[in-house]
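Number of protein chains: 2
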Amino acid sequence: NHVLVLGYGDLTEPILEELTERGTTYVVVTDDEREASRLSDRDISVLAADPSDVAPLETVRIGDARAIVVATNDDAADALSILTARQLNPDVRIVAAATQRENVDKLRRAGADHVISPATLGGHLLVDSAFGADSEAVADEIMEESEPTAKESVDGGVPGGDVTEGTNGEDAEKSER
Amino acid sequence: NHVLVLGYGDLTEPILEELTERGTTYVVVTDDEREASRLSDRDISVLAADPSDVAPLETVRIGDARAIVVATNDDAADALSILTARQLNPDVRIVAAATQRENVDKLRRAGADHVISPATLGGHLLVDSAFGADSEAVADEIMEESEPTAKESVDGGVPGGDVTEGTNGEDAEKSER
Ligand SMILES: [Ca+2]
Ligand SMILES: [Ca+2]
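Chains H and C, in that order, are what the protein sequence lines are. Just so we're aligned, residue 7 is where the first sequence starts under our numbering, counting upward by one. Just so we're aligned, residue 7 is where the second sequence starts under our numbering, counting upward by one.
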């Protein structure tokens with residue numbers, strides 16, 4: 007009943023913070039060895055491997071996963087990860103972010119249940135704000151609504167496999183908030 | 007009473023669409039000659055020049071601008087554009103997007119009135135969605151709220167200067183929606 011985060015990109019840290027605040031158990035799978043090592047240093051569960059390969063996803067028990075989040079800066083890599091994940095678990099909820107908004111439909115066709123475009127959202131909010139609209143309030147509201155009370159992560163990792171286990175980095179990055 | 011869009015990045019096309027839907031007159035200033043040429047081919051007002059230089063911003067009449075939108079993928083370049091724009095027009099509303107969320111405060115200190123982090127927003131919405139929350143509804147709501155009834159752009163460009171004038175690309179990119 008854990009969440010898999012496939013790949014590492016600009017959205018990953020906000021995603022990990024949000025998961026940590028929810029007290030959710032999660033594992034990151036990324037073939038970026040440098041980021042994998044950094045995450046591991048922060049006691050975050052991470053498997054340094056290609057998230058579009060079958061073996062690593064089986065290692066992190068994709069069959070038992072509650073949800074899968076796919077959001078790197080490389081939409082082609084995201085598409086491959088989604089295709090593999092969907093093949094291995096037809097029923098799990100998969101959500102993704104398209105870096106190039108023209109890839110939203112492609113990621114959906116690859117098997118994601120929901121695909122967002124941060125650029126499109128950002129562009130809309132910015133123009134609203136340029137005209138002095140209440141988009142600041144809207145954005146703030148989203149952030150508040152989606153921020154449950156932070157609670158301790160009771161279960162520190164995913165059982166089994168070659169996963170480097172940890173406490174999901176409860177204290178990491180807090181200074182940036 | 008026009009809007010200046012400084013630089014070109016992943017958020018620019020959504021921004022231009024939103025401005026076009028509002029019937030707003032706008033000018034893009036970018037030193038990316040390839041993108042400038044493409045925009046010009048679509049009859050979008052564009053000045054191919056460094057948006058952090060004084061002369062180009064004076065050319066596009068920054069003193070009369072209604073608002074300034076700064077959102078490239080290069081936060082350092084954005085900071086320079088904001089500093090120059092603020093110096094030339096102390097009262098205009100400046101909004102910006104931080105590609106790296108740790109730059110939100112820096113862009114604010116450079117002189118932006120409001121800075122968003124699309125990565126933070128996207129991360130929050132994705133995790134909400136991973137848990138099957140109503141974030142899809144929230145995201146859809148934002149998009150709808152910020153979409154006024156599309157109207158014709160009656161005034162096609164900004165008067166004067168070396169700006170390539172046009173109709174703000176009313177028909178451009180419509181097929182992507
Ligand atoms: Ca992506
Ligand atoms: Ca930026």
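Every residue, glycine too, gets a C-beta built ideally from N, C-alpha and C.
From residue i to residue j, what does the alpha carbon distance come to, in whole angstroms?
i	j	result
E27/H	N7/H	16 Å
A102/C	A61/H	42 Å
D47/C	E23/H	43 Å
D97/C	V75/H	42 Å
G162/H	V66/H	A caution first: G162/H carries a pLDDT of 37, below 50, which makes its placement in the model too unreliable to give a value.
R44/H	A77/H	18 Å
E151/C	T18/H	Note that E151/C scores 47 on pLDDT, short of 50, meaning its location in the model is unreliable; the coordinates nonetheless yield the value given after this. Rounded to the nearest angstrom, the two C-alpha atoms are 28 Å apart.
G29/H	D49/H	15 Å
A42/H	N79/H	16 Å
Y32/C	A118/C	19 Å
I21/H	G129/C	5 Å
P110/C	T105/H	The question names Pro, but residue 110/C in the sequence shown is Val. Their backbone Cα atoms lie some 19 Å apart in a straight line.
A139/H	L25/C	14 Å
K112/H	E64/C	42 Å
L89/C	L89/H	45 Å
S135/C	R114/H	14 Å
D56/C	L131/H	25 Å
V133/C	V133/H	25 Å
Which residue's Cα is closest to the Cα of residue i: the options?
i	options	result
E108/H	L63/H, G13/H and A82/H	A82/H
T36/H	D84/H, I100/H and R114/H	D84/H
I68/H	L22/H, A91/H and G129/H	A91/H
L197/H	G128/H, L17/H, K112/H and S58/H	Since the first residue shown for chain H is 7 and the last is 183, residue 197/H is missing from the structure and cannot be characterised.
S51/H	L131/H, L89/H, D70/H and V11/H	V11/H
F137/C	L113/H, G129/H, T105/H and H120/H	H120/H
Measure the beta-carbon distance from residue i to residue j and round it to whole angstroms, keeping in mind my assumption that it falls under 8 Å.
i	j	result
S87/H	G15/H	Between G15/H and S87/H the Cβ distance is about 12 Å, and since that is not below 8 Å, they are no contact.
R99/C	A73/C	5 Å
A71/H	V9/H	7 Å
For the alpha helix (DSSP H) that contains residue i, what are its first and last residues?
i	result
V133/H	P124 to A136
R115/H	V110 to A116
I50/H	Taken as a continuous stretch (DSSP letters only), I50/H belongs to no alpha helix (DSSP H), as it is neither H nor E.
A61/C	V60 to T65
L17/C	It is not in any alpha helix (DSSP H) - L17/C carries neither H nor E in the DSSP assignment.
Taking residue i as part of the beta strand (DSSP E), name the residues at either end of that continuous run.
i	result
T90/H	It is not in any beta strand (DSSP E) - T90/H instead sits in the alpha helix (DSSP H) that spans D81 to L94.
T36/H	Y32 to T36
R99/H	R99 to A103
I74/C	A73 to V76
L12/H	V9 to L12
(message) Could you check whether the stretch 32 to 46 of chain C touches the stretch 118 to 129 of chain H, counting it as contact only if at least three pairs of C-beta atoms, one from each stretch, sit closer than 8 Å?
(response) no
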